[in-house]
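A short write-up of the structure that comes next.
Numbering (the numbering used here), first residue to last: 15 to 384.
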């Protein structure tokens with residue numbers, strides 16, 4: 015049946031892992047926001063229904079988003095389609111990796127859906143989840159539990175260094191205790207920018223859009239929710255070895271309980287609203303910057319910053335490491351978010367007072383945009 019309890023709306027715990035996944039000594043462990051609200055944990059049937067609704071949403075959103083990007087790009091270049099397993103629909107496990115390469119606006123982009131149904135948690139994966147989830151619920155995932163996961167992940171690497179790279183995702187994870195009705199479900203997701211040249215108007219507008227989504231959904235709590243998710247984004251996309259952020263951020267959340275919410279609102283509509291903001295938030299920026307002139311210096315700087323992007327993915331990103339750790343991983347699918355071209359230059363010096371230095375200033379010390 016339904017188990018009612020007093021629980022947290024959010025218990026978003028962010029940390030900066032080193033390359034081995036351990037906490038970095040002496041480094042802030044990030045942000046934690048707790049808002050109290052009445053909550054319910056669904057029985058297996060109710061949670062499964064919510065999961066299938068979300069899986070249907072990400073499959074539809076993938077198609078819709080791709081159509082928007084192809085129109086925005088304007089080159090006639092189309093996303094390829096690579097389907098595996100069930101493709102995400104039906105009752106089995108599978109997904110679809112869609113990739114665009116060689117466009118006018120998007121040099122390389124991907125929109126990937128993965129749906130896992132009735133997987134079995136390994137000891138390692140259960141331990142990784144329990145590290146975060148144990149604080150928010152009495153149900154602690156353990157080896158042998160059945161899990162379901164659905165996710166839509168997007169990355170758009172721009173051709174022009176005047177246009178930022180865009181990354182986003184939404185995901186749902188459900189763990190069911192075998193042979194019981196105990197069930198735990200939660201969402202994650204977000205959206206963020208990685209610019210190569212800093213146009214403050216663009217970053218301010220981008221953050222304002224996602225602040226407004228938070229306020230629209232959570233009302234008086236919305237500003238605090240945005241602030242925590244913004245700080246969480248800055249903390250997650252952090253390269254500790256270089257002491258810099260990957261980009262100018264956005265929002266990021268890892269543990270949004272499925273049926274908790276201020277004023278009785280569930281998390282599902284909020285997560286869908288975040289995904290619905292992706293295309294508009296990027297289209298506006300592309301429209302302003304796609305035709306700006308640039309030269310070899312700007313292109314080389316873009317490639318150097320893409321090197322940082324790839325460093326983060328390989329060294330610190332939990333999703334990449336999670337995907338590559340499995341047996342016979344789909345390496346092409348896991349690595350699809352990598353930029354098409356990157357560069358590393360030994361001991362590159364950023365000229366003081368330059369446009370590149372203006373970007374580095376906010377990557378070293380994130381600022382409040384809205």
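Think of the CB as a built atom: it goes at the ideal place given N, C-alpha and C, for glycine as much as any other residue.
The model shown is predicted, which means the values in this text are computed figures rather than measured ones.
Item to check | Burial state of residue 155, where buried means 16 or more other Cβ atoms lie within 10 Å | outcome: What you label residue 155 is simply residue 141 of the chain shown in a count that begins at 1. Classification of residue 155: buried, given that the 10 Å Cβ count is 16 or more.
Next on the checklist: I'd like the list of long-range same chain contacts for residue 223, defined as Cβ closer than 6 Å, with 5 residues on each side in sequence excluded.
Outcome noted: Start at 1 with the first residue of the chain shown, and residue 223 comes out as number 209. Correct list, in chain order: 291, 295.
Next on the checklist: Are the CB atoms of residue 125 and residue 166 within a distance shorter than 9 Å?
Outcome noted: Numbered from 1 along the chain shown, position 152 holds the residue referred to as residue 166. Numbered from 1 along the chain shown, position 111 holds the residue referred to as residue 125. Going by beta carbons, residue 166 and residue 125 fall inside the 9 Å limit.
Item to check | Runs of beta strand (DSSP E) lying entirely within the segment 91-115, each at least 3 residues, in chain order | outcome: If we require 3 residues or more, the beta strand (DSSP E) runs fully inside the segment 91-115 come out as 94-99, 108-115.
Next on the checklist: Rounded to whole angstroms, what is the Cα-Cα separation between residue 227 and residue 338?
Outcome noted: Taking the first residue of the chain shown as 1, we reach residue 227 at position 213. Taking the first residue of the chain shown as 1, we reach residue 338 at position 324. Roughly 33 Å separates the two Cα atoms.
Item to check | Whether residue 378 touches residue 214 by CB criterion (9 Å) | outcome: As a working note, residue 378 is residue 364 in the chain shown. As a working note, residue 214 is residue 200 in the chain shown. No. Outside cutoff.
Next on the checklist: Less than 7 Å between C-beta atoms, sequence neighbours within five positions excluded: which residues of the same chain meet that for residue 384?
Outcome noted: One-based indexing of the chain shown puts residue 384 at position 370. Only 218, 221, 222, 225 meet the Cβ criterion.
Next on the checklist: According to DSSP, is residue 264 part of a helix, a strand, or is it coil?
Outcome noted: Translated into the one-based positions of the chain shown, residue 264 becomes position 250. Residue state, collapsed to three classes: strand.
Checklist entry - Going by C-alpha distance, which of 78, 202, 66 is nearest residue 385? => result Examination of residue 385 is not possible in this model, given that the chain is present from 15 through 384 alone.
Checklist entry - For residue 171, which of helix, strand or coil comes out of DSSP? => result In the chain shown, the residue the question calls residue 171 occupies position 157. Strand.
Item to check | Residue from 374, 187, 191 with nearest C-alpha to residue 199 | outcome: Within the chain shown, the letter at position 185 stands for residue 199. Among 374, 187, 191, the Cα nearest to that of residue 199 belongs to 187.
Next on the checklist: Using C-beta distances below 6 Å, list every residue in its chain close to residue 419, excluding the 5 sequence neighbours before and after it, in chain order.
Outcome noted: Outside the modelled stretch of the chain, which goes from 15 to 384, sits residue 419, for which no answer is possible.
Item to check | Straight-line Cα distance separating residue 234 from residue 345 | outcome: On the chain shown, position 331 is the one that residue 345 refers to. On the chain shown, position 220 is the one that residue 234 refers to. Roughly 43 Å separates the two Cα atoms.
Checklist entry - If you check the beta carbons only, do residue 163 and residue 110 fall under 9 Å apart? => result Numbered from its first residue, the chain shown carries residue 163 at position 149. Numbered from its first residue, the chain shown carries residue 110 at position 96. Between residue 163 and residue 110, the C-beta gap is not smaller than 9 Å, which leaves the two residues out of contact.
Next on the checklist: Just to confirm, is the Cβ distance from residue 266 to residue 246 under 9 Å?
Outcome noted: For this step, residue 266 is matched to residue 252 along the chain shown. For this step, residue 246 is matched to residue 232 along the chain shown. Cβ distance < 9 Å, so residue 266 and residue 246 count as in contact.
Checklist entry - Per DSSP, residue 129 forms a beta bridge with which residues? => result Start at 1 with the first residue of the chain shown, and residue 129 comes out as number 115. Beta-bridge annotation (DSSP): residue 129 is paired with 108, 164.
Checklist entry - Considering only residues of the same chain and omitting the five flanking positions on each side of residue 60, which have a CB-CB separation below 6 Å? => result By 1-based counting over the chain shown, the position of residue 60 is 46. Leaving aside the five residues that flank residue 60 on each side, none in its chain has a CB nearer than 6 Å to its CB.
Item to check | Rounded C-alpha distance that separates residue 363 from residue 271 | outcome: Here the question's residue 363 lines up with position 349 in the chain shown. Here the question's residue 271 lines up with position 257 in the chain shown. Those two C-alpha atoms are separated by around 44 Å.
Next on the checklist: Once the 5 residues before and after residue 306 are set aside, which same chain residues still bring their CB inside 8 Å of it?
Outcome noted: Residue 306 sits at position 292 when you count from the first residue of the chain shown. Here the set comprises 174, 176.
Next on the checklist: Please give me, in chain order, every unbroken run of the alpha helix (DSSP H) with length at least 4 that falls completely inside the segment 199-247.
Outcome noted: Fully enclosed alpha helix (DSSP H) runs of 4 or longer: 214-232.
Next on the checklist: Could you check whether residue 97 and residue 117 sit closer than 9 Å to each other, using their CB atoms as the reference points?
Outcome noted: Taking the first residue of the chain shown as 1, we reach residue 117 at position 103. Taking the first residue of the chain shown as 1, we reach residue 97 at position 83. Taking a C-beta distance under 9 Å as the contact criterion, residue 117 and residue 97 do not qualify as a contact pair.
Item to check | Chain-order list of residues whose beta-carbon lies under 8 Å from that of residue 283 (same chain, five-residue window excluded) | outcome: Mapped onto the chain shown, residue 283 falls at position 269. Contacts found: 231.
Next on the checklist: Are the CB atoms of residue 209 and residue 373 within a distance shorter than 9 Å?
Outcome noted: Taking the chain shown and counting its residues from 1, one reaches residue 373 at position 359. Taking the chain shown and counting its residues from 1, one reaches residue 209 at position 195. Going by C-beta atoms, residue 373 is nearer than 9 Å to residue 209.
Next on the checklist: Quick test of your reading: residue 119 and residue 304, contact by CB under 8 Å. State the CB separation rounded to the nearest angstrom.
Outcome noted: Mapped onto the chain shown, residue 119 falls at position 105. Mapped onto the chain shown, residue 304 falls at position 290. Indeed they touch by this definition, with Cβ atoms about 6 Å apart.
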